[in-house]
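This report concerns only the one structure given below.
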Amino acid sequence: MNIEPQTLYIPMGVKAQSEWFPGFGKQQLGQTIIGSTGATLLALLFWLLNGSVPVAVVTFLSGVAASVMMTTKDRHNLSVLDQLRFMIQFQRSQKRYPYRALPEWDGLSS
299 MNIEPQTLYI PMGVKAQSEW FPGFGKQQLG QTIIGSTGAT LLALLFWLLN GSVPVAVVTF
359 LSGVAASVMM TTKDRHNLSV LDQLRFMIQF QRSQKRYPYR ALPEWDGLSS
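If you're matching positions, the sequence shown starts at 299 in our numbering and goes up one per residue.
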């Protein structure tokens, strides 16, 4: 009987969600809108306090560009925002594991 080995082909680079350009899809658009809203509020605050339009415009444009760059995922499917989230999660996690040795062979000793 002739048995052929079966191989499994797993394609690389296949994403579960559609993207408009590499690393940027619907979820990243929502995160970018939130970041852009924050940049808009910060630029508005600078404009109200300073009265300087160029400072407000630069703040707004820098905030939008930063929010796009921080949410775009790389080829390993990680973004700067994801990395920051993982670092915060690691800082909050338990790192001390007290170990108490119990006598394993108590009943066997004569």
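Every residue gets a Cβ at the ideal spot worked out from N, C-alpha and C, and that includes glycine. All of these numbers come straight from a predicted model, not from anything done at the bench.
Buried versus exposed, by CB contacts within 10 Å (16 or more), residue 369: Sequence index remark: in the sequence shown, residue 369 carries index 71 (1-based). Here residue 369 is buried, its C-beta having at least 16 other C-beta atoms within 10 Å.
Identity of the residues DSSP links to residue 322 by a beta bridge: Walking along the sequence shown from the start, residue 322 turns up at place 24. Looking at the DSSP assignment, residue 322 forms a beta bridge with 319.
Coarse secondary structure for residue 410, derived from DSSP in three states: As shown, the chain starts at 299 and ends at 408. That puts residue 410 outside it, with no answer to give.
For residue 404, three-class secondary structure by DSSP: Locating residue 404 in the sequence shown gives position 106, where the first residue counts as 1. Three-state DSSP puts residue 404 in a helix.
CB of residue 341 within 8 Å of CB of residue 330, strictly: On the sequence shown, position 43 is the one that residue 341 refers to. On the sequence shown, position 32 is the one that residue 330 refers to. In terms of Cβ geometry, residue 341 and residue 330 do not form a close pair [threshold 8 Å].
Alpha-carbon to alpha-carbon, residue 308 and residue 374: Residue 374 sits at position 76 when you count from the first residue of the sequence shown. Residue 308 sits at position 10 when you count from the first residue of the sequence shown. Rounded to the nearest angstrom, the two C-alpha atoms are 16 Å apart.
Local conformation of residue 376 per DSSP, three classes: Here residue 376 refers to the residue found at position 78 of the sequence shown. Of the three classes helix, strand and coil, the one that applies to residue 376 here is coil, per DSSP.
Coarse secondary structure for residue 386, derived from DSSP in three states: Counted from its first residue, the sequence shown places residue 386 at position 88. Three-state DSSP puts residue 386 in a helix.
Assigned secondary structure, residue 338 (DSSP; H/G/I helix, E/B strand, else coil): Taking the sequence shown and counting its residues from 1, the one referred to as residue 338 is at position 40. It is helical.
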